[in-house]
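K.L.:
Take a look at this one; I'll ask things after.
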Amino acid sequence: MVGRAVWKGPYFVPFPVVPPGQAVQTYARSCTILPSYVGRKFEVHNGNSFIPVTVTEDMVGHKLGEFAFTRKKFSFKKKDDKKGGR
Amino acid sequence: MLYLLGVNLPDHKQVPTALTHIYGIGIHQAQKICHKLAIHPRCRLAHLPEQKVTEISQLLNTYKIEAELRRERSNRIEQLVQIGCYRGDRHKHGYPANGQRTRPNGKTAKKLNGRSLSVRSRGFCTSLPLASTTSTPRVPSPPSISSTLAPITRLIARFI
Chain H
1 MVGRAVWKGP YFVPFPVVPP GQAVQTYARS CTILPSYVGR KFEVHNGNSF IPVTVTEDMV
61 GHKLGEFAFT RKKFSFKKKD DKKGGR
Chain L
1 MLYLLGVNLP DHKQVPTALT HIYGIGIHQA QKICHKLAIH PRCRLAHLPE QKVTEISQLL
61 NTYKIEAELR RERSNRIEQL VQIGCYRGDR HKHGYPANGQ RTRPNGKTAK KLNGRSLSVR
121 SRGFCTSLPL ASTTSTPRVP SPPSISSTLA PITRLIARFI
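Chains as they are written, first to last, in full-length UniProt numbering: chain H, 1 to 86; chain L, 1 to 160.
Here is the structure:
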């Protein structure tokens, strides 16, 4: 994946100022996580609801949307064996 | 067989080709090595003088290859899993991580992705939690009788 050209600088979105510890609700999934975001809490939209994301140092180059999954996890529920597994 | 930096290299092969057998050296790097050390690209590994072999191993020590490279690769993947991003989750489950479809295909990813992870568990029930802040492996709960029989009944059902 090539990604955004470095000379353009990272894509980010200005966020409202909130008291420390309070989460910021956002639809901006494509916002790059900047070093100044470390320690802040976001609630990122996944199409349906808002997923809480607490930014850590390791997350810095990634986008907010990477941490808010958009699809429900697939889990294979084994069926009841009354019908003999057919 | 020439034993070089933990790898057995085939003697009878040409030097660039033989060097590609090292994890982390492809044909491009191997050719660069030969250019740097004035080794003819058609020269066979067995025909190299001892001093040239020493020079090769000295140069290779400056490269990131073999165990060091494997470690770095698995560290990077583990970091993706630990921060809880989408790509890390795909590695954890062994699915393609680059946006491919999984309805058809995906077999290579199932075979290769997330091999190095300690948290990866194969099984029929795939409801794994998202990566937590600690990286301790999840202890599986003891299986019930129906869950142990289920794979067997499914297998039998296929042949009925």
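Beta carbons are placed, not taken as given, at the ideal position from N, Cα and C, and that holds for glycine.
Could you tell me whether the segment 5-18 of chain H touches the segment 43-51 of chain H, using the rule of 3 or more Cβ pairs below 8 Å?
P.N.:
No contact exists between the segment 5-18 of chain H and the segment 43-51 of chain H.
K.L.:
I'd like to know whether the C-beta atoms of H/A74 and H/I51 end up nearer to each other than 8 Å.
P.N.:
Rather than Ala, the amino acid found at residue 74 of chain H in this sequence is Phe. No, Cβ-Cβ distance for H/F74 and H/I51 is not below 8 Å.
K.L.:
Does the segment 37-49 of chain L come close enough to the segment 11-23 of chain L that 3 or more CB-CB pairs lie under 8 Å?
P.N.:
The segment 11-23 of chain L is in contact with the segment 37-49 of chain L.
K.L.:
Fully enclosed by the segment 31-106 of chain L, which alpha helix (DSSP H) runs are 4 residues long or longer?
P.N.:
List check, alpha helix (DSSP H) in window: 50-61, 66-83 and 86-93.
K.L.:
Taking C-alpha atoms, which residue in L/T108, L/L2 and L/N113 lies nearest to L/T54?
P.N.:
Closest option to L/T54, Cα to Cα, is L/L2.
K.L.:
Using DSSP's beta-bridge definition, name the partner residues of H/E43.
P.N.:
For H/E43, which the question treats as bridged, DSSP gives the partners H/Q25 and H/P52.
K.L.:
Could you say if the segment 32-39 of chain H and the segment 55-67 of chain H meet the contact criterion of at least three C-beta pairs nearer than 8 Å?
P.N.:
Flag = yes, the segment 32-39 of chain H and the segment 55-67 of chain H touch.
K.L.:
Going by DSSP, what residues sit across from H/T32 in a beta bridge?
P.N.:
According to DSSP, which records beta bridges pairwise, H/T32 is partnered with H/K63.
K.L.:
Just the Cα atoms here: how many angstroms apart are L/F124 and L/H93?
P.N.:
With a pLDDT of 44 at L/F124, under the threshold of 50, the predicted position of this residue should be treated as unreliable, and no value is reported.
K.L.:
So L/N113 and L/Y86 are in contact, right, with Cβ under 8 Å, and what is the actual spacing, rounded?
P.N.:
The pair is not a contact, with the Cβ atoms about 13 Å apart (cut-off 8 Å).
K.L.:
Please name the residue or residues paired with L/Q14 in a DSSP beta bridge.
P.N.:
In DSSP, L/Q14 forms a bridge with L/R44.
K.L.:
Secondary structure at L/Y3, three-state DSSP: helix, strand or coil?
P.N.:
Strand, per DSSP.
K.L.:
Can you name the residues that DSSP bridges to L/L9?
P.N.:
Note: L/L9 sits in a beta bridge opposite L/L2.
K.L.:
Taking the alpha-carbon positions, what's the H/K63 to H/L34 distance?
P.N.:
For H/K63 and H/L34, the distance between alpha carbons rounds to 9 Å.
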